[in-house]
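Chains as they are written, first to last, in my numbering: chain A, 7 to 360; chain B, 16 to 93. For glycine and all other residues, C-beta sits at the position ideal for the given N, C-alpha and C. Heads up: the structure comes next, in structure tokens.
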């Protein structure tokens with residue numbers, strides 16, 4: 007980090023914090039920010055007037071327990087190869103995880119891209135290949151493009167469980183949940199896709215500043231300085247710190263692919279519950295690619311992990327150390343809840359970096 | 016999971032291409048960006064280019080990545 011830049015941002019943060027005369031609560035919505043804040047040791051350099059609260063932007067963490075259980079059921083079906091991003095592997099189910107299923111003989115493979123999952127299906131036509139599609143607007147367009155290609159090229163042995171989520175409705179749910187957030191550091195790469203203008207309606211109506219922020223510690227410091235100054239001026243609205251990547255308008259081609267393959271529906275979030283208009287599912291024209299239908303996966307009752315307070319952590323209601331399991335029964339080596347699994351989970355980041 | 020990294024296009028043919036990323040080359044899907052050309056800098060997430068970067072912007076991001084790699088691990092997959 008360039009020390010003179012960091013010092014300038016910290017000076018602005020201290021000044022605006024002093025002028026606020028109270029503790030200002032800022033939510034970093036995105037799990038990649040949570041990780042960057044921990045890695046950069048930012049909590050240690052920020053003044054006591056700034057409180058950073060982790061938000062619901064860790065895809066693995068917010069995947070509902072019901073969806074996790076459905077993924078585990080899918081992995082147990084003989085003849086099915088499950089392709090997943092690595093983050094999902096150790097997410098605990100009630101009695102298992104994808105990693106444990108793999109140890110018991112299930113064919114679970116980690117992929118870097120949904121393209122790799124489709125390629126696996128092409129290469130192994132005798133095998134049913136199912137992709138676990140988790141993630142926000144950054145990830146959903148690529149998955150959408152892959153689903154459209156699978157349909158166009160009639161790759162009959164490919165399917166997916168789609169649990170993609172949209173970030174704006176979740177930010178609204180956080181505000182409704184009484185977490186007293188004064189400003190949002192919004193996810194830089196989601197913002198590349200949806201554009202900074204997408205936050206204007208929410209920011210204006212709720213009178214809250216949103217700053218699309220990059221992922222290096224120096225970016226986060228500048229984003230915090232911008233938010234504190236906007237809060238001091240009483241300005242709601244959508245602003246850009248991550249100017250080298252985020253534009254006012256998003257990536258229309260990516261958004262277009264997403265809307266061609268998926269429809270917006272209600273989404274079920276761990277700890278938050280159902281948020282209207284926050285989920286993506288395959289459109290009817292692509293329903294033959296829906297793994298839940300192809301393999302008749304059952305509708306499960308809602309289920310939660312006992313004692314785990316990940317839900318409250320994700321809503322910004324409590325900090326990780328306030329959970330009685332944190333660091334005692336629940337550690338990265340032996341996680342009880344998903345927020346301790348992913349490197350982007352707020353519990354894992356707090357455990358590792360303090 | 017929402018990490019995206021800067022890379023340079025070294026081959027482009029329609030929507031398919033190859034990129035140079037941290038000294039390695041691998042395939043990249045170019046269908047979300049306009050008029051991709053060899054030499055262009057792109058921001059890549061999970062095998063897809065999600066934005067073109069102008070060279071100065073890319074250099075800035077790469078410089079930050081280099082600094083970061085100097086003192087820390089490069090965690091954050093996806």
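Cα-Cα separation, residue 29 of chain B to residue 45 of chain B: On the second chain, position 14 is the one that residue 29 of chain B refers to. On the second chain, position 30 is the one that residue 45 of chain B refers to. If you draw a straight line from the Cα of residue 29 of chain B to the Cα of residue 45 of chain B, it comes to about 8 Å.
- prompt: Less than 7 Å between the CB of residue 309 of chain A and some heavy atom of the ligand NAD, yes or no?
  reply: Although the ligand NAD was asked about, the structure shown includes no ligands whatsoever.
task: Pick helix, strand or coil for residue 33 of chain A, following the three-state DSSP scheme.
output: As a working note, residue 33 of chain A is residue 27 in the first chain. Here residue 33 of chain A sits in strand by DSSP.
Which listed residue (B:72, B:49, B:26) has its alpha carbon closest to that of residue 259 of chain A: Residue mapping note: residue 259 of chain A aligns to position 253 of the first chain, counting from 1. Ranking B:72, B:49, B:26 by Cα distance to residue 259 of chain A puts B:49 first.
- prompt: What residues from the segment 80 to 103 of chain A come within 9 Å of chain B, judged by C-beta to C-beta, listed N to C?
  reply: Going along the segment 80 to 103 of chain A in chain order, one finds 91, 92, 93 with a Cβ nearer than 9 Å to chain B.
query: For residue 40 of chain B, which residues in chain A fall below 8 Å Cβ to Cβ?
result: Within the second chain, numbered from 1, the residue matching residue 40 of chain B stands at position 25. Neighbours of residue 40 of chain B on chain A: none; closest Cβ ~14 Å, over 8 Å.
- request: Using the DSSP secondary-structure output, state which residues sit across from residue 193 of chain A in a beta bridge.
  value: As a position in the first chain, residue 193 of chain A is number 187, starting the count at 1. DSSP, once it has assigned bridges, lists A:219 as partnering residue 193 of chain A.
task: Identify which residue in A:28, A:167, A:249, A:106 has its Cα closest to the Cα of residue 195 of chain A.
output: Start at 1 with the first residue of the first chain, and residue 195 of chain A comes out as number 189. Considering only alpha carbons, the answer is A:249.
task: State yes or no: is the beta carbon of residue 44 of chain B nearer than 8 Å to at least one beta carbon in chain A?
output: Along the second chain, one-based indexing puts residue 44 of chain B at 29. Yes, residue 44 of chain B lies at the interface with chain A (some Cβ there is under 8 Å from its Cβ).
message: Given a cut-off of 8 Å on the beta-carbon distance, is the pair residue 51 of chain B and residue 27 of chain B in contact?
response: The sequence position of residue 51 of chain B within the second chain is 36, counting from 1. The sequence position of residue 27 of chain B within the second chain is 12, counting from 1. Yes.
- prompt: Within the 8 Å Cβ cut-off, does residue 62 of chain B reach chain A?
  reply: Translated into the one-based positions of the second chain, residue 62 of chain B becomes position 47. Yes, residue 62 of chain B counts as interfacial toward chain A.
- prompt: Which two residues bound the contiguous alpha helix (DSSP H) that contains residue 262 of chain A?
  reply: For the purposes of this step, residue 262 of chain A is taken as residue 256 along the first chain, with counting starting at 1. Start and end: 258 to 267.
task: Would you mind stating whether residue 19 of chain B and residue 34 of chain B have Cβ atoms separated by less than 8 Å?
output: As a position in the second chain, residue 19 of chain B is number 4, starting the count at 1. As a position in the second chain, residue 34 of chain B is number 19, starting the count at 1. Judged by beta-carbon spacing, residue 34 of chain B lies beyond the 8 Å limit of residue 19 of chain B, meaning their Cβ atoms are not closer than that value.
Own chain, CB closer than 6 Å to residue 187 of chain A, minus 5 neighbours either side, in chain order: For this step, residue 187 of chain A is matched to residue 181 along the first chain. Hits under 6 Å: 31, 33.
field: Whole-Å CB distance - residue 91 of chain A paired with residue 16 of chain B, under 8 Å assumed
entry: Sequence index remark: in the first chain, residue 91 of chain A carries index 85 (1-based). Sequence index remark: in the second chain, residue 16 of chain B carries index 1 (1-based). Between the beta-carbon of residue 91 of chain A and that of residue 16 of chain B there is about 7 Å, and that keeps the pair under the 8 Å contact cut.
task: Please work out which residues of its chain come closer than 6 Å, Cβ to Cβ, to residue 79 of chain A, disregarding the five sequence neighbours upstream and downstream, and give them in chain order.
output: Counting from 1 along the first chain, the entry for residue 79 of chain A is found at position 73. Beyond the five residues adjoining it in sequence on each side, residue 79 of chain A comes within less than 6 Å, by CB distance, of 303 in the same chain, given in chain order.
query: What number of angstroms, rounded off, separates the C-alpha of residue 233 of chain A from the C-alpha of residue 291 of chain A?
result: Counting from one through the first chain, the residue named residue 233 of chain A turns up at place 227. Counting from one through the first chain, the residue named residue 291 of chain A turns up at place 285. Taking the straight line joining both Cα atoms gives about 43 Å.
Residue 354 of chain A at chain B interface by Cβ criterion, 8 Å: Along the first chain, one-based indexing puts residue 354 of chain A at 348. Cβ-Cβ to chain B under 8 Å: no for residue 354 of chain A.
query: In angstroms, rounded to a whole number, what distance separates the CA positions of residue 330 of chain A and residue 141 of chain A?
result: Position 324 of the first chain, counting from 1, holds the residue named residue 330 of chain A. Position 135 of the first chain, counting from 1, holds the residue named residue 141 of chain A. If you draw a straight line from the Cα of residue 330 of chain A to the Cα of residue 141 of chain A, it is about 28 Å long.
Simplified DSSP assignment, three categories, for residue 151 of chain A: One-based indexing of the first chain puts residue 151 of chain A at position 145. Helix at residue 151 of chain A.
task: Can you say whether residue 328 of chain A is buried or exposed, counting buried as having 16 or more other CB atoms within 10 angstroms of its CB?
output: What you label residue 328 of chain A is simply residue 322 of the first chain in a count that begins at 1. By the 16-neighbour rule on beta-carbons within 10 angstroms, residue 328 of chain A is exposed.
- prompt: Between residue 91 of chain B and chain A, is there a C-beta pair that is closer than 8 Å?
  reply: Taking the first residue of the second chain as 1, we reach residue 91 of chain B at position 76. The predicted position of residue 91 of chain B is uncertain, since its pLDDT is 36 and thus under 50; no value can be drawn from it.
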